[in-house]
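One rule links them: number in my numbering = place in the sequence shown (from 1) + 623. Where a beta carbon is used, it is the ideal one built from N, C-alpha and C, also for glycine. Contents: one structure, followed by commentary.
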Amino acid sequence: MGNLGLRKILKKETMYKDKTFDIKHKCDFSIHCILRVKRLNGRIENYNVMKCNKCSSFISIKEKGNIQGHIFEELNEEQKKLPLINAFSSKKKLIINFSELDDVFYEN
624 MGNLGLRKIL
634 KKETMYKDKT
644 FDIKHKCDFS
654 IHCILRVKRL
664 NGRIENYNVM
674 KCNKCSSFIS
684 IKEKGNIQGH
694 IFEELNEEQK
704 KLPLINAFSS
714 KKKLIINFSE
724 LDDVFYEN
């Protein structure tokens with residue numbers, strides 16, 4: 624697999640594009656949020672993401688060794704104050720592709 628294929632896979636894993644937003648625009652990812660994903664087995668996972676200020680699209684905040692921005696510990700007080708994006712994953716895979724999330728909604 625070449626570099627283009629790898630970039631496409633990484634983009635699917637780290638970006639969610641809001642398809643319900645009608646107005647065409649260039650996303651400006653400027654709002655730091657917490658993405659809370661509920662899985663089929665009832666497990667809840669949290670991620671650090673940056674949300675677009677015009678629509679509900681978001682990208683992960685990448686760290687070394689953690690491209691999805693997964694939060695492995697409990698949320699600290701500072702993270703609990705951030706806006707929340709709730710989503711549901713209906714896939715049984717261990718790795719969540721942000722592009723495959725269902726029922727994504729933003730809470731202030």
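Out of the options, state which residue places its alpha-carbon closest to the alpha-carbon of residue i.
i      : options                : result
Lys647 : Lys677, Glu730, Asn626 : Lys677
Using 10 angstroms around the beta-carbon of residue i, count the other beta-carbons present and answer buried if the total reaches 16, otherwise exposed.
i      : result
Gly692 : buried
Phe681 : buried
Ile657 : buried
Leu629 : exposed
Leu627 : exposed
Ser712 : buried
Can you pull the DSSP bridge partners for residue i?
i      : result
Cys656 : Val672
Beta-carbon separation of residue i and residue j under 8 angstroms?
i      : j      : result
Lys674 : Ile719 : no
Ile684 : Asn671 : yes
My understanding is that residue i touches residue j, with C-beta atoms under 8 angstroms, so please give their C-beta distance in whole angstroms.
i      : j      : result
Glu636 : Phe695 : Contact doesn't hold; Cβ gap of about 17 angstroms is too wide.
Is residue i close to chain D, meaning its C-beta is less than 8 angstroms from at least one C-beta of that chain?
i      : result
Glu636 : This model lacks chain D altogether; it includes just one protein chain.
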